[in-house]
Amino acid sequence: MKEINVGIIGCGFIAREKYVSGIRKFDFLKLIACADIRADAARQMSEDLGIPRACSVEELLADESIELVLNLTTPQAHTPINHQILDANKHFYVEKPFALTRDDAQAILEKAETKKLLTSSAPDTFLGAGIQTCRKVIDDGWIGMPTAATAFMAVPGHELWHPDPEFYYAEGGGPILDMGPYYLTALVNLLGPIKRVVGMSKATFPERVIASGPKRGNRVPVDIDTHISACLEFESGVIATMIMSFDVQAHSLPHLEIYGTEGTLSVPDPNIFQGPVRVFRPNQQEMGWQEMPMISPYHMESRGIGAADLALAIRGIRPHIATGELATHVLDAILSIEESAHKQEKIDLVTTVKRPAILPLVSRIGDIA
Ligand SMILES: NC(=O)c1ccc[n+]([C@@H]2O[C@H](COP(=O)([O-])OP(=O)(O)OC[C@H]3O[C@@H](n4cnc5c(N)ncnc54)[C@H](O)[C@@H]3O)[C@@H](O)[C@H]2O)c1
């Protein structure tokens, strides 16, 4: 496959820690430039990680050799940067969330369709071995018909480790916009689209104290709710119970579980690519929980797999899986939970989406590129 030149906009934590090394694992993705609103951040990342060119966002977008841009900015910048990328006639992969409002997400999808460009969004962890194996377990009938699910993400707050955590506590941040995409994308992949939701939410602490990096000790005001409980009804009739919280010091809840008519599936952390995937079946009680073999080689940190999957679609090899439409449906679910909490009523989603395709069982993505 002909190589695809890639540019990164947003040279912060996740770009430096995960994406630069992640996309370099795919030899058809060629990272040639990086840009940031902070010129020094782009220059430093280019120097530290050997990226050929650091430049301004405008210069990166004017480079006609770049076909695919990774938008790794903070959530509040996702929509304007997504538009700028499309206006420059390039395809994009954006970190989550895809946008901050349904109208913004829809406008991006419409612009992309008009311009015949492709959009893709984090998370790509559901393309990893853990969630893909769970998908096969369900599709092969190991737990019978899914009837219910639980999804729990509860931590004390990202200010404990992130050096610039302010965005998590501003409009566009919060536990469900930040971590909900991992859990909800995994659930939609496993169970299909969501129909309606009900939610309750609160903010336990009015401010947070940064615990690491140069800003250690700085106080951050909390502008959003930081503890959310929700129930979700899927189009299939499955009912899921969910907690997303930055207010919990410790817990012993599972990440995700799917309950079926003939067994239970214990799903690994959807924020990572690994297992274990475990199944309990009452007709094999003597075996207890059985650990399932992984069906894919992506059982290590593999951020960048979504961009690689998108690159195959750009070259017309097959449609990509982590689509903007999927991310828009997940955003719709998140915003509906937030609205439900504020209005104290059930909310029907305004979008639906096809259950994503399973990642083809090739040994590695590059093998078919
Ligand atoms: N930190 C994590 O562990 C993590 C994990 C998964 C996903 N994410 C997601 O990745 C995204 C970035 O998170 P991060 O932790 O790297 O944040 P960060 O603040 O460390 O980095 C974001 C970078 O984007 C730049 N930026 C902001 N607005 C911009 C604009 N308009 N134009 C150009 N550059 C701009 C900032 O200057 C900064 O360098 C977020 O959407 C976050 O949800 C983060």
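My numbering puts the first residue of the sequence shown at 1, with every later residue one more than the last.
A virtual CB, placed ideally from N, CA and C, is assigned to each residue, including glycine.
For D124, write down the residues that DSSP places opposite it in a beta bridge. Per DSSP, none; premise fails for D124.
For L127, which residues from the same chain have a beta carbon less than 7 Å from its beta carbon, with the 5 sequence-adjacent residues on both sides left out? Cβ neighbours of L127 beyond the five flanking positions: Y298, I305, G306, D309, I321, A322, L359.
Does the Cβ of K96 lie closer than 7 Å to at least one heavy atom of ligand 1? For ligand 1, at least one heavy atom lies less than 7 Å from the Cβ of K96.
Opposing strand residues paired with I197 [DSSP bridges]: The residue you asked about is not Ile; residue 197 is Val in the sequence shown. Looking at the DSSP assignment, V197 forms a beta bridge with L232, I347.
Whole-angstrom distance between D164 and S229, CA atom to CA atom: Rounded to the nearest whole angstrom, the C-alpha separation of S229 and D164 is 26 Å.
Report yes if the C-beta of D40 is less than 7 Å from at least one heavy atom of ligand 1; otherwise report no. Taken from the Cβ of D40, every heavy atom of ligand 1 lies 7 Å or farther away.
Please name the residue, chosen from G192, A107, K115, that lies closest to G237 on a Cα-to-Cα basis. Answer by Cα proximity: G192.
When DSSP builds the beta bridges, which residues end up paired with T241? DSSP output for T241 lists T150, C231 as bridge partner(s).
Same chain, Cβ closer than 8 Å to E301, five either side skipped, listed in chain order: Take E301, set aside five residues on each side of it, and the residues of its chain with a beta-carbon closer than 8 Å to its own are K18, G22, I272, F273, in chain order.
CA nearest to the CA of L117, picked from P146, G144, Q84: Scanning P146, G144, Q84 for the CA closest to the CA of L117 turns up Q84.
Which two residues bound the contiguous beta strand (DSSP E) that contains A35? Element bounds for A35: 29-35.
Cβ of A230 versus every heavy atom of ligand 1: is any distance shorter than 7 Å? No; taking the cut-off as 7 Å, the Cβ of A230 has no heavy atom of ligand 1 nearer than that.
If you drop the 5 nearest sequence neighbours on each side, which residues of the same chain put their C-beta closer than 8 Å to that of Q76? Excluding positions up to five away in sequence, the list reads L100, F167, A170, E171, G172.
Comparing alpha-carbon positions, which option in V57, K111, A148 lies nearest G263? Looking at V57, K111, A148, the one whose alpha-carbon comes closest to that of G263 is A148.
Taking the C-alpha atoms as reference points, what is the distance between V6 and G316? The alpha-carbon atoms of V6 and G316 are separated by roughly 17 Å.
Between L60, A107, L109, which lies nearest to A88 when the distance is taken from Cα to Cα? In terms of Cα proximity to A88, the closest of L60, A107, L109 is L60.
Going by alpha carbons, who is nearest to A129 out of V350, K354, M292? For A129, the closest C-alpha among the options V350, K354, M292 is that of M292.
Identify the residues that DSSP records as bridge partners of E291: which are they? Per DSSP, R278.
Unbroken beta strand (DSSP E) run spanning R208, endpoints: Per DSSP, R208 is one residue of the beta strand (DSSP E) stretching across 207-209.
Ligand 1 heavy atom lying under 7 Å from the CB of H162: For H162, the Cβ falls inside the 7 Å cut-off from some heavy atom of ligand 1.
Do N189 and I131 come within 8 Å of each other at the CB atom, strictly closer than that value? Yes, these two residues count as a Cβ contact at 8 Å.
Around the Cβ of N82, are there at least 16 other Cβ atoms within 10 angstroms (buried) or fewer (exposed)? So N82 ends up on the buried side.
May I have the straight-line CA-CA distance separating D140 from T261, to the nearest angstrom? Between D140 and T261, the C-alpha separation is close to 14 Å.
Where does Y259 sit, in a helix, a strand or coil, going by DSSP? In the structure shown, Y259 falls within a strand segment according to DSSP collapsed to helix, strand and coil.
What separation, rounded to the nearest whole angstrom, lies between the Cα atoms of E233 and I337? Within the model, the alpha-carbon separation for E233 versus I337 is close to 12 Å.
Please report the straight-line C-alpha distance between D104 and F28, rounded to a whole angstrom. Whole-angstrom Cα-Cα distance: 31 Å.
Taking just the CA atoms, how far does T351 sit from M242? Going by C-alpha positions, M242 is about 20 Å away from T351.
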